[in-house]
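The structure appears below as structure tokens.
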Amino acid sequence: MNWKRKRVFITGASGFLGSWLTQDLIEKGAYVVALIRDGNPQSMLVRSGLIKEIAVVQGTLEDFLTVERAVAEYQVDTVFHLGAQAIVGVAQVLPLQTFESNIRGSYHLLEACKRHEVERVVVASSDKAYGESVVLPYTEDMPLRGRYPYDVSKSCTDLLAQAYYHTYGLPVGIARCGNIYGGGDLNFSRLIPGSILSLYENQRPVVRSDGLYTRDYIYVKDVVLAYLLLAEGLGERGGQAFNFAPERPYTVLEVLTEIKRLMAKEIEPVILNKAKGEIIQQNLDATKAREFLGWKPLYSLEKGLEETIQWYQEFLGGMR
Ligand SMILES: NC(=O)c1ccc[n+]([C@@H]2O[C@H](COP(=O)([O-])OP(=O)(O)OC[C@H]3O[C@@H](n4cnc5c(N)ncnc54)[C@H](O)[C@@H]3O)[C@@H](O)[C@H]2O)c1
Numbered sequence: 002m003n004w005k006r007k008r009v010f011i012t013g014a015s016g017f018l019g020s021w022l023t024q025d026l027i028e029k030g031a032y033v034v035a036l037i038r039d040g041n042p043q044s045m046l047v048r049s050g051l052i053k054e055i056a057v058v059q060g061t062l063e064d065f066l067t068v069e070r071a072v073a074e075y076q077v078d079t080v081f082h083l084g085a086q087a088i089v090g091v092a093q094v095l096p097l098q099t100f101e102s103n104i105r106g107s108y109h110l111l112e113a114c115k116r117h118e119v120e121r122v123v124v125a126s127s128d129k130a131y132g133e134s135v136v137l138p139y140t141e142d143m144p145l146r147g148r149y150p151y152d153v154s155k156s157c158t159d160l161l162a163q164a165y166y167h168t169y170g171l172p173v174g175i176a177r178c179g180n181i182y183g184g185g186d187l188n189f190s191r192l193i194p195g196s197i198l199s200l201y202e203n204q205r206p207v208v209r210s211d212g213l214y215t216r217d218y219i220y221v222k223d224v225v226l227a228y229l230l231l232a233e234g235l236g237e238r239g240g241q242a243f244n245f246a247p248e249r250p251y252t253v254l255e256v257l258t259e260i261k262r263l264m265a266k267e268i269e270p271v272i273l274n275k276a277k278g279e280i281i282q283q284n285l286d287a288t289k290a291r292e293f294l295g296w297k298p299l300y301s302l303e304k305g306l307e308e309t310i311q312w313y314q315e316f317l318g319g320m321r
């Protein structure tokens, strides 16, 4: 699909994934409209100057009139819904705000898209939407059984997207990714940015769990590609969900060992073993994305981490 002059609305555009997706769409010639809640000078979108090349609608997903105005006034044809309270630990402390952003925010967005006949909508769900399962890897036909606040909010987001397709025919695709990593993620409570920051400062990285929790780790550029392919393939596959992951899960300690090796730091982590309300083991089967969307990850963990570490070294080195 040619993205030139496509009118694309991105929620959460100044966040981690949103910044990379916005950058790629601008490079492809799209006209980007962004819903931005918080002004953050450290956001990649702001620091790169890209924010000056897009239309910015200030506001929240909870404000339906603002969301609807953005969709209708800018006559958008494509929507990427990334805006969410995206941190598991914050969701435990702030469940109401998380449900407002992620559940109310999602049905507001979907309703605005339905009313104004948006041609394609991609919604960020998550591997967390599946909840805990003894059967792994997850495949797309497995039930969504989130149990903890963030996970439940993502099960709901996912189901709401399906409801808008099955009831109103809204052309929506659902992305279920494992843990995304890459430069530009300012959520330093996450394993990879937090560990790189600690090691950069010659401090011991802190592991909340026992270090054996297992996840997929997917490089942000592979995710941008996945979201674009999903949007492009929506014609035949509306209402469907796709898993995206490199299909090689790692434990927290394995990821940490790789970061230490790449940064040449021999500093042992502090293992708190205090994680609560988090799924212990998760990994996704991405056969459907490979077969039907032609997607495959281009980055190994090593290659992705190399680029990521370089990004943070430049970012942290340039900070006052
Ligand atoms: N990063 C991951 O590992 C991962 C994995 C799977 C799914 N996801 C999903 O991908 C999406 C993007 O994640 P991210 O890592 O870029 O997160 P992020 O926290 O970097 O970005 C989220 C953005 O959403 C905005 N936002 C939050 N609540 C809002 C509200 N109520 N109204 C308007 N904007 C609001 C924030 O200001 C932020 O800019 C999220 O939906 C997340 O749940 C992320």
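The opening position of the sequence shown corresponds to residue 2 in my numbering, with each subsequent residue numbered one higher.
In this text, a Cβ means the ideal position worked out from N, Cα and C, and glycines have one as well.
Whole alpha helix (DSSP H) elements within the stretch 156 to 219, 4-residue minimum: Qualifying alpha helix (DSSP H) stretches, in chain order: 192 to 201.
Residue from V135, L160 and K115 with nearest C-alpha to G170: Minimum Cα-Cα distance from G170 among the listed residues V135, L160 and K115 corresponds to K115.
Taking the C-alpha atoms as reference points, what is the distance between I88 and N188? Using only the alpha carbons, I get a separation of about 8 Å.
So is the beta-carbon of S15 under 7 Å away from any non-hydrogen atom of ligand 1? Yes, since a heavy atom of ligand 1 falls inside the 7 Å radius drawn around the Cβ of S15.
Buried or exposed, going by whether 16 or more other CB atoms sit within 10 Å of the CB of N180? Result: buried.
CB-CB under 8 Å to R70, same chain, minus the five flanking residues each way: which ones, in chain order? Answer for R70: V58, listed in chain order.
Run through the DSSP bridge pairs and tell me what I8 is partnered with. The identity of residue 8 in the sequence shown is Arg, whereas the question assumes Ile. In the DSSP output, where bridge partners are listed per residue, R8 has Y32.
Given 7 Å as the limit, tell me if I193 has its C-beta closer than that to any heavy atom belonging to ligand 1. The answer is no for I193.
Can you tell me the Cα-Cα spacing of Y201 and G184, whole angstroms? Going by C-alpha positions, Y201 is about 14 Å away from G184.
Neighbourhood of T140 by C-beta, 6 Å cutoff - its chain only, sequence neighbours within 5 removed: Only D286 meet the Cβ criterion.
Closer than 7 Å by C-beta to I11: which residues in its own chain qualify, once you throw out the five before and the five after it? Chain order, please. Counting only Cβ-Cβ distances below 7 Å, and skipping sequence neighbours, we find G19, L22, T23, V33, A35, F81 and L83.
Quick test of your reading: L137 and N284, contact by CB under 8 Å. State the CB separation rounded to the nearest angstrom. Contact flag correct, Cβ pair sits at about 5 Å.
Would you kindly work out how many angstroms separate the C-alpha atoms of L111 and L161, rounded to a whole number? Those two C-alpha atoms are separated by around 8 Å.
Compute the minimum distance between the beta carbon of Q283 and the heavy atoms of ligand 1, and state whether it is under 7 Å. Not one heavy atom of ligand 1 falls within 7 Å of the beta-carbon of Q283.
First and last residue of the uninterrupted alpha helix (DSSP H) at T79: Membership of T79 in any alpha helix (DSSP H) is not indicated; the residue belongs instead to the beta strand (DSSP E) covering T79 to H82.
Pick helix, strand or coil for Y251, following the three-state DSSP scheme. Three-state result, Y251: strand.
Assumed close pair M2, E233 - CB separation to whole angstroms, cut-off 8 Å: Going by Cβ atoms, the distance from M2 to E233 rounds to 4 Å, so yes, they are a contact pair.
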